[in-house]
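Numbering (this note's numbering), first residue to last: 8 to 86. Backbone N, C-alpha and C fix where the C-beta goes; we use that ideal spot for every residue, glycine too.
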């Protein structure tokens, strides 16, 4: 069972996924780790919630919907 707040955060790794287990930036989304990566992008504006390495949950949902993801179906599978 999972619990989601209506407006959560989506955190992204700062490196594209690979099978390289030595790169901590590929597999972890932890802010304390990723802020040390030169590719880390800090979100500096609450009005632009779809930039940087941390997005609002609603921004992620908008992005997924724009890519053709059926968000109603997605949420029905979560709840």
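Checklist entry - Would a C-beta distance cut-off of 8 angstroms place residue 23 and residue 30 closer than the cut-off? => result Start at 1 with the first residue of the chain shown, and residue 23 comes out as number 16. Start at 1 with the first residue of the chain shown, and residue 30 comes out as number 23. No; because the gap between Cβ atoms is not below 8 angstroms, this pair is not in contact.
Checklist entry - Below 8 angstroms between beta carbons: does that hold for residue 60 and residue 14? => result Reading the chain shown from its first residue, position 53 is the one you call residue 60. Reading the chain shown from its first residue, position 7 is the one you call residue 14. Taking 8 angstroms as the Cβ cut-off, residue 60 and residue 14 do not qualify as a contacting pair.
Checklist entry - Is residue 20 closer than 8 angstroms to residue 50 when the C-beta atoms are compared? => result By 1-based counting over the chain shown, the position of residue 50 is 43. By 1-based counting over the chain shown, the position of residue 20 is 13. It is not a contact, given that the beta carbons lie outside the stated cut-off.
Next on the checklist: Considering Cα atoms alone, identify which of 16, 12 and 36 is closest to residue 67.
Outcome noted: Within the chain shown, numbered from 1, the residue matching residue 67 stands at position 60. When each option's Cα is compared against that of residue 67, the closest is 16.
Next on the checklist: the ligand ADP and residue 75: does any heavy atom of the ligand fall closer than 7 angstroms to the residue's C-beta?
Outcome noted: In the structure shown, the ligand ADP is absent, as is every other ligand, since no ligand is present at all.
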